[in-house]
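Engineer:
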Amino acid sequence: MFFPRNFLAPNCHSQPIGVRKEKLCGKNENSGLKFINSQQLHIGTKIGGADIIQKQSWFEIFLTNNPGLFNLLVTSLLLPLGLLWLNNRSATKIKELEKQLEEKYQGKEQIKTQERAVYSSLSKILFDVQLLHVALSGSCIDKKCIESAVSKFDVSITKYHEEISNNLLYMPSKIIDRIYKFYSKISDLKVSLKEFNDAKNFEMAYVSVYSYSIALADILINIQELLLEQNETLKKNFDKAQQDMMRYCCGRQPPKAVLKKYIELLKQMKPNTSEDEIELMQQFLH
């Protein structure tokens with residue numbers, strides 16, 4: 000629908016009927032007002048040969064005529080919904096935090112449980128080494144003596160293998176390394192006893208156990224030190240120098256003459272024996 004040219008005043012202050020505060024300026028040639036649909040008002044004017052379209056929806060007109068309605072919507076509807084959303088979000092965050100703290104606490108307790116299980120099992124193996132020393136310290140005069148003692152030793156320590164292997168999951172790498180070093184010394188001890196048994200040097204069996212028991216005790220003390228380093232209170236009470244009784248769990252050292260013979264046989268039987276092992280035994284000769 001097009002309006003006559005004189006519908007708008009030349010001074011641009013007049014406005015089409017039904018349009019609120021919309022000013023059309025410039026040349027008013029071919030100007031007009033068209034209703035496209037019930038949703039929007041289109042006001043068109045042609046300036047310099049270009050068409051300019053201004054749109055205003057019925058909702059914008061409604062809000063303009065009712066300025067207090069927007070505040071009413073915000074305070075009565077949107078604000079309570081926003082507060083409800085914030086409260087639910089805060090409650091969810093608190094639950095997530097509580098769950099994380101609980102999992103962290105349970106994780107720490109599980110780690111402590113595994114640490115105690117591993118250390119306890121290794122300590123019991125060291126006790127079995129002490130019993131092996133006692134079994135070989137008597138009149139060991141034939142192969143059956145060493146074979147019988149080693150067989151009982153194997154049966155006893157086997158029950159700790161599963162306990163240790165089941166509790167290595169959360170162990171730090173440096174502690175796992177010490178554990179395998181501990182088991183390596185156990186294997187070396189059994190090999191040493193077999194070699195002395197085959198060579199019929201039965202009297203050297205208990206000396207070998209004595210030597211390896213010190214090395215095993217040192218590894219166990221080191222593991223204990225690593226396990227306690229995270230606890231400042233227990234760390235302060237830990238004194239490696241005060242654990243000589245653990246290092247010498249097999250009692251009195253063998254006579255110096257027996258130790259000297261043992262070192263000589265060890266060099267012959269195991270040319271690859273480490274200097275640390277030989278030095279450990281030689282310190283008892285002084």
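Be aware that the sequence shown starts at 0, since it is given in numbering that gives the first Met the number 0, and climbs by one per residue. All C-beta atoms, glycine included, are put in the ideal place defined by N, C-alpha and C.
Compute the Euclidean distance between the alpha carbons of isoleucine 277 and lysine 259, then round it to the nearest angstrom.
Structural biologist: So the two alpha carbons sit approximately 10 Å from each other.
Engineer: Could you check whether tyrosine 159 and aspartate 187 sit closer than 8 Å to each other, using their CB atoms as the reference points?
Structural biologist: Taking 8 Å as the Cβ cut-off, aspartate 187 and tyrosine 159 do not qualify as a contacting pair.
Engineer: Beta-carbon within less than 6 Å of tyrosine 169's beta-carbon, same chain only, minus the 5 sequence neighbours each way: which residues are those?
Structural biologist: If we look at tyrosine 169 and ignore the five residues flanking it on each side, its Cβ neighbours are Ile110, Gln113.
Engineer: Quick one: residues in its chain with C-beta nearer than 7 Å to the C-beta of leucine 131, no 5 flanking neighbours on either side, listed in chain order?
Structural biologist: Closer than 7 Å at Cβ, skipping near neighbours: Ala148, Phe152, Val208.
Engineer: By Cβ distance, which residues of its chain are closer than 6 Å to phenylalanine 237, with the 5 residues on each side in sequence left out?
Structural biologist: Correct list, in chain order: Leu227.
Engineer: How long is the line joining the alpha carbons of aspartate 217 and aspartate 141, rounded to whole angstroms?
Structural biologist: About 31 Å.
Engineer: DSSP three-state call for serine 56: helix, strand or coil?
Structural biologist: Of the three classes helix, strand and coil, the one that applies to serine 56 here is strand, per DSSP.
Engineer: Drop a sphere of 10 angstroms on the beta-carbon of proline 253, count the other beta-carbons inside from all chains shown, and report buried for 16 or more, exposed for fewer.
Structural biologist: When all chains shown are included, proline 253 counts as buried.
Engineer: Grab me the residues of glutamate 194's own chain with a C-beta within less than 6 Å of its C-beta, minus the 5 sequence neighbours each way, in chain order.
Structural biologist: Cβ neighbours of glutamate 194 beyond the five flanking positions: Met268.
Engineer: Excluding five sequence neighbours on each side, which residues of the same chain lie with their C-beta closer than 7 Å to the C-beta of alanine 116?
Structural biologist: The residues are Glu162, Asn166.
Engineer: How long is the line joining the alpha carbons of methionine 280 and tyrosine 261, rounded to whole angstroms?
Structural biologist: Taking the straight line from one Cα to the other gives about 9 Å.
Engineer: Taking Cβ positions, are alanine 204 and cysteine 139 nearer each other than 8 Å?
Structural biologist: In this structure, cysteine 139 lies closer than 8 Å to alanine 204 by Cβ.
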